[in-house]
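Student: Numbering-wise, the working numbering puts 1710 at position 247 of the sequence shown, and it's gapless, one number per residue.
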Amino acid sequence: MPARMIGTGSALPKKAFGNKELEKLVDTTDEWIKSRTGIENRYIAVEESTTSMAVEAAKRAMEDAGVGAEELDLIIVGTISGDMCFPSTACQVQSAILATNATAFDINAACAGFLFGLTIAEAYMKAGMAQTALVIGAETLSKMMDWNDRSTCVLFGDGAGAAVIKKEETGIEGIVQGSDGARGGALVCKNRPVNNPFVHNGFLTDYTKMDGQAVYKFAVQTVPRAIEEVLDKTGVKAEEIKYFLLHQANIRIIESVARKLNQPISKFPANLQECGNISAGSVPILLDFVNKSGKLVRGDKIVLAGFGAGLTWGAAVLTW
Ligand code: UT7
1464 MPARMIGTGS ALPKKAFGNK ELEKLVDTTD EWIKSRTGIE NRYIAVEEST
1514 TSMAVEAAKR AMEDAGVGAE ELDLIIVGTI SGDMCFPSTA CQVQSAILAT
1564 NATAFDINAA CAGFLFGLTI AEAYMKAGMA QTALVIGAET LSKMMDWNDR
1614 STCVLFGDGA GAAVIKKEET GIEGIVQGSD GARGGALVCK NRPVNNPFVH
1664 NGFLTDYTKM DGQAVYKFAV QTVPRAIEEV LDKTGVKAEE IKYFLLHQAN
1714 IRIIESVARK LNQPISKFPA NLQECGNISA GSVPILLDFV NKSGKLVRGD
1764 KIVLAGFGAG LTWGAAVLTW
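1. For G1641, collect the residues of the same chain with a Cβ closer than 6 Å to its Cβ; drop the 5 residues on either side in sequence, then sort them by chain order.
2. Do K1758 and V1780 have their C-beta atoms within less than 8 Å of each other?
3. Under 8 Å Cβ to Cβ from S1551, same chain only, skipping five residues before and after it: list those, please.
4. Taking just the CA atoms, how far does N1571 sit from F1681?
5. Under 8 Å Cβ to Cβ from W1610, same chain only, skipping five residues before and after it: list those, please.
6. Classify Y1587 as helix, strand or coil using the three-state DSSP reduction.
7. Could you check which residue in S1742, D1751, V1753 and G1769 has the C-alpha nearest to that of S1605?
8. Hey, how far is the Cα of M1588 from the Cα of A1532?
9. I'd like to confirm something about Q1676: is its beta-carbon nearer than 7 Å to some heavy atom of ligand 1, or not?
10. Could you tell me the distance, in whole angstroms, from the CA atom of E1631 to the CA atom of P1465?
11. From this set, V1639, P1656, R1499 and Q1684, which residue's C-alpha is nearest T1697's C-alpha?
12. Going along the chain, which residues of its own chain have a beta-carbon closer than 6 Å to the beta-carbon of A1788, five neighbours each way excluded?
13. Unbroken beta strand (DSSP E) runs of length 3 or more, entirely within the region 1484–1509: which are they?
14. Can the beta-carbon of E1486 be found less than 8 Å from the beta-carbon of T1492?
15. Could you pull the start and end residues of the beta strand (DSSP E) that I1716 belongs to?
16. According to DSSP, W1776 sits in a beta bridge with which residue or residues?
17. Relative to the alpha-carbon of G1821, which residue among R1646, F1579 and A1649 has its alpha-carbon at the smallest distance?
18. Taking C-alpha atoms, which residue in A1772, I1583, G1675 and Y1706 lies nearest to T1500?
19. Could you work out which residue in G1470, A1479 and C1574 is closest to V1678 when comparing CA atoms only?
20. So V1678 is in the alpha helix (DSSP H); what residue range does that whole segment cover?
21. Between E1519 and A1623, how many whole angstroms is the CB-CB distance? I'm expecting something under 8 Å.
22. Taking only three categories from DSSP, how would you classify G1647?
23. Taking the straight line between their C-alpha atoms, what separation do you get for L1750 and N1504?
24. Whose C-beta lies closer than 6 Å to the C-beta of R1523 among residues of the same chain, with five residues either side of it excluded?
25. Taking L1759 as part of the beta strand (DSSP E), name the residues at either end of that continuous run.
26. Hey, V1753 and P1732: beta-carbon distance below 8 Å or not?
27. Check the C-beta distance from Y1506 over to D1612 and give it rounded, since I have them as a contact under 8 Å.
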């Protein structure tokens, strides 16, 4: 595979919002949230936006990689919560970091957005269409929550993560991805209704609605299968993997995947306790936490896996 990840970065809002503070807003308890999900805190955008956090994460990833903006020829942002319908978040990032030589676009694959972005960047490199790419997952999910709905608002947070990908002989060993639109109704946020000279459906927007148990079942069945598939495809054994970095939705999902893969939970770092579920931002933010803590050395093998609305999923094996 002709691509390597050479730098990571992340950005979180300043405002921390702990479970105890959330108890004052909705009919929930710290105990319920922690025991059902593992989440203790999340960060909420007050001064920040999806674009501002994406830009900050991008700058940090470029600094980590030692890559200048003019070297970038591709910018992909996975997001379901861009600040504008258009221009894309990726084009706004391009403008802010002065990456004048890049092609920039967003993709909507929800919590698998970073994995899908990685797949596209790698495919561009394989096709000879890119040399140096920036892949970002960035979200401001707090604006898409019904803050009276305890079944969703306690789960999600805001933030952005980014990685620089360079065309090289090895690094991204293999990726699998998939989607099942027939089950998409399990996790939904509607957009603007039709409004034109012939139809007036009002201007109300909708908030995030989730059939939590359906998504949970999907995750615990699909994620281990996708990881086994990508391990098979690359000929890498689970025992050779140093870390499995999974989408940060629920600690019980992560524990179930670890059990199914017969791997110790110590190989599954998590930051959902601090950050909650940041959709496309979760995997690259966790990756940056692990990278910046000095736990990755060149040659380490890691797995990344994302899953969520669509329904969508993706898993990758990387040599660091
Ligand atoms: O990023 C996209 C991927 N998303 C996911 O992977 C999420 C997957 N799903 C889950 O993680 C879990 O299904 C949830 C954490 C969302 C919910 O946990 P659960 O164990 O499936 O709970 P539940 O929905 O079955 O609800 C159990 C009870 C209900 O009360 P009754 O009907 O038993 O009286 C809910 O009303 O818990 C109640 N409940 C709450 N109670 C206190 C739901 N939310 C809350 C809350 N605080 N925040």
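Glycine included, C-beta positions come from ideal geometry on N, C-alpha and C. Note that the structure is a prediction, hence the values are computed from the model and not measured.
Tutor: On the basis of the supplied data:
1. The residues are W1776.
2. Their beta carbons are not under 8 Å apart, which means K1758 does not touch V1780 by this criterion.
3. Within the same chain, and ignoring the five residues on either side of S1551 in sequence, the residues whose Cβ sits closer than 8 Å to its Cβ are V1540, G1545, A1567, F1568 and D1569.
4. If I take the Cα positions, the gap works out to 19 Å.
5. If we look at W1610 and ignore the five residues flanking it on each side, its Cβ neighbours are L1488, V1489 and C1616.
6. Reduced to three states, the DSSP call for Y1587 is helix.
7. When each option's Cα is compared against that of S1605, the closest is S1742.
8. Their backbone Cα atoms lie some 18 Å apart in a straight line.
9. For ligand 1, at least one heavy atom lies less than 7 Å from the Cβ of Q1676.
10. One alpha carbon belongs to E1631, the other to P1465, and they sit about 5 Å apart.
11. Looking at the Cα atoms, V1639 is the closest of the given residues.
12. In the structure as shown, the chain begins at 1464 and stops at 1783. Residue 1788 is therefore absent and cannot be evaluated.
13. You should have 1504–1507.
14. Cβ distance < 8 Å, so E1486 and T1492 count as in contact.
15. Premise fails: I1716 lies in the alpha helix (DSSP H), I1714 to K1723, not in any beta strand (DSSP E).
16. According to DSSP, which records beta bridges pairwise, W1776 is partnered with G1641 and F1770.
17. In the structure as shown, the chain starts at 1464 and stops at 1783, and residue 1821 therefore has no counterpart that could be examined.
18. When each option's Cα is compared against that of T1500, the closest is G1675.
19. Among G1470, A1479 and C1574, the Cα nearest to that of V1678 belongs to C1574.
20. V1678: member of the alpha helix (DSSP H) spanning G1675 to T1697, first to last residue.
21. Rounded, the Cβ-Cβ distance is 7 Å, consistent with contact.
22. In the structure shown, the three-state DSSP call for G1647 is helix.
23. Between L1750 and N1504, the C-alpha separation is close to 19 Å.
24. Counting only residues of its own chain and dropping the five nearest sequence neighbours on each side, R1523 has a CB closer than 6 Å to the CB of G1472.
25. Looking at the DSSP string, L1759 is not in any beta strand (DSSP E), and its letter there is neither H nor E.
26. Cβ distance < 8 Å, so V1753 and P1732 count as in contact.
27. With 8 Å as the limit, Y1506 and D1612 do not qualify as a contact, their Cβ atoms being about 20 Å apart.
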